[in-house]
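**Student:** Residue numbers for the sequence shown follow my numbering, beginning at 4 and rising by one.
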Amino acid sequence: MESDVSRPLPVPKPRPFPIVGATPGPRCGQTLTAVAGPDGDLSKARLILFGGATALEGSSGKGVDVPVSPGPSASGIRLAGATNEVHIFDIRSGKWEKITPQGEPPSPRAAHAAAAVGNMVVIQGGIGPAGLATEDLHVLDFTDPERPRWHR
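#1: Counting pairs of beta carbons, one from the region 115-129 and one from the region 27-47, are three or more of them closer than 8 Å?
#2: Return the CA-CA distance between Ala58 and Arg10, expressed in angstroms with no decimal places.
#3: Just verifying my parser: in three-state terms, what is the DSSP assignment at Gly61?
#4: Mind checking which residues open and close the beta strand (DSSP E) that includes His90?
#5: Three or more C-beta pairs closer than 8 Å, one from the region 43-50 and one from the region 13-31: is that the case here?
#6: Taking 8 Å as the threshold (C-beta atoms), are Asp144 and Arg155 in contact?
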């Protein structure tokens, strides 16, 4: 059976989305969590990026292996450069903003879990410079959007 290539595709083509401000930069193992705006307003939701690894150690893919100490790894590659940075992406404006919440932040980590609960982000576990971060739970509270705060 022949296909009609002149028919329009069922999915619209992607369109460029302008990004304003400095982006968080390349990383892996981070979380990106949607949080409602003030008073639970979903039209003012923001994306909260937390943590991640900004470098990899291990197999270079060029026939030269970088020594890797024992620890969390996959196929000879290990996460490195773990961070505890927090960035906010405003979906409506396309603007990234790096913030420093009040309170004691979690240790730098990647491969952690995050969940939105109202206007808060709950962070648990992950892998950091000291190994697994298994016994901690941190809450990033956006109840006051002008002064986000870490709670433990």
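Virtual Cβ for every residue (Gly too), placed ideally from N, Cα, C. Because the structure is a prediction, the values reported are computed rather than measured.
**Tutor:** Result, derived from the coordinates:
#1: At 8 Å Cβ cutoff, the stretches touch.
#2: In this structure, the straight-line span from the alpha carbon of Ala58 to that of Arg10 is close to 44 Å.
#3: In the structure shown, Gly61 sits in a strand (DSSP, three-state: E or B).
#4: Run containing His90: Val89 to Asp93, per the beta strand (DSSP E) assignment.
#5: Flag = no, the region 43-50 and the region 13-31 do not touch.
#6: In this structure, the beta-carbon distance from Arg155 to Asp144 does not fall below 8 Å.
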